[in-house]
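S.K.: Quick one: the structure is below, questions incoming.
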Amino acid sequence: MPKHSKRYNEVRKLVDRSKDYDLNEAIDLAKKVATAKFDETVELHIKTNIDYRKSDQQIRSTISLPHGTGKEVKVLVFATGEKAEEAKAAGADYVGAEDLVEKIQKENFLDFDVAIATPDMMRVIGKLGKILGPRGLMPNPKAGTVTNDVASAVKEFKKGRMEVRTDKTGNLHIPVGKASFDNEKLKENIKSAYEQILNLKPAGVKGNFIKKVVLSTTMGPGIKVDPATLTQ
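Counting from 30, one number per residue, gives the positions in the sequence shown under our numbering.
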């Protein structure tokens, strides 16, 4: 068993682990246990009922939050010519082509949160699969990160659009704001994220799609949430 800090053990006492909290209660509690010395991220964890061994039941898409995540997102764009200029004008942090591929390969440059590419660049960046793939940074059409409309993609990801994908056990982990957000903004972000996930339910899933919902902060314990209160 991992050894928790004294601070964590103290705040864990505030959470009834046998209870499914109403969303409003869960938000209040999450903010109360966010006692670290930095502005903790509030995270929504969803345990789904997908059969994660089946490729057609994997979830990989993007969602947008009405109030963003509170995190500054660094966007890298693989593009040339006019599309490169559009990406720069839209606020991309890094724009390039073969030069960026080389920088990532030789310098292990990974100081970005999202990588976007125009379709014609995929043949150039294919060699980065082993580096970017495991980190979830490889551009992918399903995630909206392979597109000719780079300007819109850059702006949306900067505003808080994010990729969501199930992990190896069928769970989703979604940042939904910061502990410093007011309760109403957190509530709107959480409900919006949850509703968007419900709409991504794979056709082959049998029975209830959602098995469990937990709210937590970066350094805090998990707080079980009654899923019914997320759609009211």
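C-beta: ideal position from N, C-alpha, C; glycine also.
(1) Of the residues Lys135, Asn137, Ala146, which one's Cα is nearest the Cα of Thr125?
(2) Below 8 Å CB to CB, which residues in the same chain sit around Glu72 once its five sequence neighbours on both sides are set aside?
(3) May I have a chain-ordered list of the beta strand (DSSP E) segments no shorter than 3 residues that lie completely inside the segment 189–237?
(4) Short of 7 Å in beta carbon distance, which residues of its chain neighbour Met150, apart from the five on each side in sequence? Order them along the chain.
(5) List the DSSP bridge partners of Leu244.
(6) Decide if Leu43 is buried, meaning its Cβ has at least 16 other Cβ atoms within 10 Å, or exposed.
(7) If I'm right that Thr91 touches Gly173 with Cβ under 8 Å, what's the distance once you round it to whole angstroms?
(8) Ser34 bridges to which residues according to DSSP?
(9) What's the C-alpha gap between Ala274 and Asp57?
(10) Pairing CB atoms from the segment 212–219 with CB atoms from the segment 190–201, are three or more of them under 8 Å?
(11) Residues in its own chain within less than 7 Å of Pro256 by CB, not counting five upstream and five downstream?
(12) Could you give the C-beta distance for Lys103 and Asp140, rounded to a whole number, given that I count them as a contact under 8 Å?
(13) In angstroms, rounded to a whole number, what distance separates the CA positions of Asp128 and Gly251?
(14) Using DSSP's beta-bridge definition, name the partner residues of Ile145.
(15) So the beta strand (DSSP E) Arg89 belongs to, where does it begin and stop?
(16) With DSSP as the reference, identify every bridge partner of Val124, one or two as the case may be.
(17) Run through DSSP, which three-state label would Val175 get?
(18) Find out if the Cβ-Cβ distance for the pair Ile88, Leu229 is shorter than 7 Å.
(19) Helix, strand or coil: how does DSSP classify Ile79 here?
M.R.: On the basis of the coordinates in this document:
(1) As a working mapping, residue 125 is identified with position 96 in the sequence shown. Sequence inspection shows Gly at residue 125; the Thr mentioned does not correspond to that position. Checking every option, the nearest Cα to that of Gly125 belongs to Ala146.
(2) In the sequence shown, residue 72 corresponds to position 43, counting from 1. Cβ within range, chain order: His202, Ile203, Pro204, Val205, Leu244, Ser245, Thr246, Thr247.
(3) With a minimum length of 3 residues, the continuous beta strand (DSSP E) runs that stay inside the segment 189–237 are 191–194, 200–207.
(4) For the purposes of this step, residue 150 is taken as the residue at position 121 of the sequence shown. Taking Met150 as the centre and dropping the five residues before and after it, the same chain places the C-beta of Phe107, Ala108, Ala126 closer than 7 Å to its C-beta, in chain order.
(5) Numbered from 1 along the sequence shown, position 215 holds the residue referred to as residue 244. Leu244 pairs with Leu73, Ile252.
(6) Translated into positions along the sequence shown, residue 43 becomes position 14. Residue environment analysis places Leu43 among the exposed positions, since fewer than 16 neighbouring C-beta atoms fall within 10 angstroms of its C-beta.
(7) Counting from one through the sequence shown, the residue named residue 91 turns up at place 62. Counting from one through the sequence shown, the residue named residue 173 turns up at place 144. Contact between Thr91 and Gly173 holds, since their C-beta atoms are separated by about 5 Å, short of 8 Å.
(8) For the purposes of this step, residue 34 is taken as the residue at position 5 of the sequence shown. None; Ser34 has no bridge partner.
(9) Since the displayed the chain opens at 30 and closes at 261, residue 274 lies outside it and no answer follows.
(10) Too few Cβ pairs lie closer than 8 Å, so no.
(11) By 1-based counting over the sequence shown, the position of residue 256 is 227. The residues Ile239, Val242, in chain order, have a CB closer than 7 Å to that of Pro256 in the same chain once the five nearest residues on each side in sequence are set aside.
(12) In the sequence shown, residue 103 corresponds to position 74, counting from 1. In the sequence shown, residue 140 corresponds to position 111, counting from 1. Correct: roughly 7 Å between the Cβ atoms.
(13) The residue given as residue 128 occupies position 99 in the sequence shown. The residue given as residue 251 occupies position 222 in the sequence shown. In a straight line, the C-alpha of Asp128 is about 43 Å away from that of Gly251.
(14) Along the sequence shown, read from residue 1 onward, the residue named residue 145 stands at position 116. Ile145 is bridged to Val106.
(15) For the purposes of this step, residue 89 is taken as residue 60 along the sequence shown, with counting starting at 1. Note, Arg89: beta strand (DSSP E), 89–92.
(16) Looking up residue 124 in the sequence shown gives position 95. Here Val124 is bridged, per DSSP, to Val106.
(17) Here the question's residue 175 lines up with position 146 in the sequence shown. The answer is strand: DSSP assigns Val175 an E or B state.
(18) In the sequence shown, the residue the question calls residue 88 occupies position 59. In the sequence shown, the residue the question calls residue 229 occupies position 200. Judged by their CB atoms, Ile88 and Leu229 are nearer to each other than the 7 Å cut-off.
(19) On the sequence shown, residue 79 is found 50 positions in, with the first residue counted as 1. Here Ile79 carries a coil assignment [DSSP, helix/strand/coil].
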